[in-house]
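Q: Sending over a structure as structure tokens; questions will come in a sec.
Residue numbers (my numbering): -2 to 186.
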């Protein structure tokens, strides 16, 4: 899978705007649009987004291109959406500098209801959605009772450090993710 290491974390269901200017990533986006495929986004742990990242997280999310246009600054603007999570097992560099990874898909526990003790988290996401619903095409209020969806939205929207966001992405149990998020809430009062 082609990889795009970034200094941010993409979660399933989340949207991420990108500005593409490096030839290797322009080619990658072109190929993904043409083939209706995705690319991997993983957090840069050391290094920068331009050039070669020195170290990256081993868990990431597949991004699919949802929209693209040429920006006023001449760069390619791309809106991506996060889908499946994966674990990176091996990486290699192509001649053009694009990192490619062998990945294994991580399990998702879809359809787990938000238990009563985490309803506050669902209510917080509902308040976010009152303002941000237009940013989530197809949003349905029923999703506010899906533990995975609520956990990923808070992971994406709360003002937490990227390493915390990464730790939440790596959790396979949506209820454990909700518990960790609940424990973080006092910081935001």
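We treat Cβ as the ideally placed atom computed from N, Cα and C, and that holds for glycine.
CA-CA distance, residue 42 and residue 4?
A: Using only the alpha carbons, I get a separation of about 8 Å.
Q: Quick check: what's the CA-CA separation for residue 111 versus residue 15?
A: C-alpha separation (whole angstroms): 32 Å.
Q: Can you list, in chain order, the residues of its chain with a C-beta nearer than 7 Å to that of residue 17? Leave out the 5 residues immediately preceding and following it.
A: Hits under 7 Å: 23, 26, 72, 73, 75.
Q: Name the two residues that bound the continuous alpha helix (DSSP H) containing residue 25.
A: Where residue 25 is concerned, the enclosing alpha helix (DSSP H) stretches over 20 to 32.
Q: With distances taken between CB atoms, is the gap from residue 37 to residue -2 smaller than 8 Å?
A: A contact, by the Cβ cut-off of 8 Å.
Q: Use the C-beta contact count for residue 143: other C-beta atoms within 10 angstroms, 16 or more gives buried, fewer gives exposed.
A: By the 10 Å Cβ count, residue 143 comes out buried.
Q: Give the DSSP-derived three-state secondary structure of residue 164 in the structure shown.
A: If DSSP states are grouped into helix, strand and coil, residue 164 belongs with the helices.
Q: Between the C-alpha atoms of residue 151 and residue 69, what's the straight-line distance to the nearest angstrom?
A: About 32 Å.
Q: Pick out the complete alpha helix (DSSP H) segments inside the stretch 83 to 150, 4 residues or longer, and give them in chain order.
A: Listed in chain order, the complete alpha helix (DSSP H) runs (minimum 4 residues) inside the stretch 83 to 150 are 116 to 129.
Q: Assign residue 175 to one of three DSSP states: helix, strand, or coil.
A: Note: residue 175 maps to helix in three-state DSSP.
Q: Cutting at 7 Å between CB atoms, please list the residues of its own chain near residue 145, excluding the five before and the five after it.
A: Here the set comprises 105, 106, 107, 109, 171.
Q: Is DSSP giving residue 14 helix, strand or coil here?
A: Residue 14 falls in the strand class under three-state DSSP.
Q: Helix, strand or coil for residue 183, going by three-state DSSP, please let me know.
A: Residue 183 falls in the helix class under three-state DSSP.
Q: Please name the residue in 81, 132, 13, 33 whose C-alpha comes closest to that of residue 166.
A: When each option's Cα is compared against that of residue 166, the closest is 81.
Q: So what does residue 39 bridge to, in DSSP terms?
A: Paired residues: 2.
Q: Identify whether residue 155 lies in helix, strand or coil by the three-state DSSP scheme.
A: Coil.
Q: By the DSSP assignment, the beta strand (DSSP E) with residue 57 in it spans what residues?
A: Run containing residue 57: 56 to 67, per the beta strand (DSSP E) assignment.
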